[in-house]
Amino acid sequence: MVPVAQETTANTVRLPYSFSRRFSLVAWCEASLEILHVHPLSLSVLQELQRGLNAPFTLRQIDEAEFEQRLNAVWQRDSSEARQLMEDLGSAEDFFTLAEELPETEDLLESDDDAPIIKLINAMLAEAIKEGASDIHIETFEKSLVIRFRVDGTLHEMLRPGRKLASLLVSRIKVMARLDIAEKRVPQDGRIALLLGGRAIDVRVSTMPSAWGERVVLRLLDKNQARLTLER
């Protein structure tokens, strides 16, 4: 079921990202609430929209390019909830335990709740700081997804989550860094400003296309220190 949509700005209503992506639709409100969709919508999807939005709406078909632009606009305008979750470093869960406890890949990808992937990103950043890592590499291969930390100039493999998590993980990071989630063919650079342990931290985000999907590098920068540490 689609949860109640979240109002973000005067002309956007945010449906869950996974739902919008799965059915190629986005809610848009100007003079009235519209559901912009690429493909014809089934009766079951319309019923879920009616329950989730709890407001009258009209349908308007758009092409794939416009859908990507609209979806990108909705999700880049407000990522404050995700940022707040990531800033709660004190309650960050253990990186490896959290990764093991993630739902089955298919369930997570179909979920209306982005919290599990946000918690994984949060825990990943916390673990990187504990290890004294300067950057995090998220690399997608044909049959695997690899997360590596650079510590003292050397890359160390830390985790191999399910391969199908790659697009969801990369998309969430791109949303938080205010990058274009629809653009996957050219490199992009952005940043995420966080409070970690009471300190202002810049996370510089770089994405690069590859044969099997995008690769992401997160560089952890502290204005007051050349290297990040986490007080235990």
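So that you can map any letter, position 43 of the sequence shown is 42 in numbering that gives the first Met the number 0, and since no number is skipped, the others follow by simple counting. The beta carbon of each residue, even a glycine, is placed where N, CA and C say it ideally should be. Since this is a predicted model, take the numbers as computed values, not measurements.
Two segments are said to touch when three or more pairs of C-beta atoms, one from each, lie closer than 8 Å; by this definition the region 134-149 touches the region 201-219. If you draw a straight line from the Cα of S19 to the Cα of G152, it is about 40 Å long. Between L35 and L52, the CB-CB gap reaches or exceeds 8 Å. DSSP places I172 inside the alpha helix (DSSP H), whose first and last residues are 165-175.
In this chain, the alpha helix (DSSP H) harbouring L45 covers 42-52.
Contact between the region 24-33 and the region 56-70 is established, with three or more Cβ pairs separated by less than 8 Å.
Exposed is the label assigned to E63, since fewer than 16 other Cβ atoms lie within 10 Å of its Cβ. Taking D179 as the centre and dropping the five residues before and after it, the same chain places the C-beta of N71, Q187 closer than 7 Å to its C-beta, in chain order.
The continuous beta strand (DSSP E) containing V145 extends over residues 144-150. Ranked by Cα distance from R50, the first of L14, A176, V37, R21 is L14. DSSP, read as helix, strand or coil, puts S205 in strand.
Residue burial is scored here from C-beta neighbours: L144 has at least 16 other C-beta atoms within 10 angstroms and is therefore classed as buried. Approximately 11 Å separates the beta-carbon atoms of I128 and L217; this is outside 8 Å, ruling out the contact.
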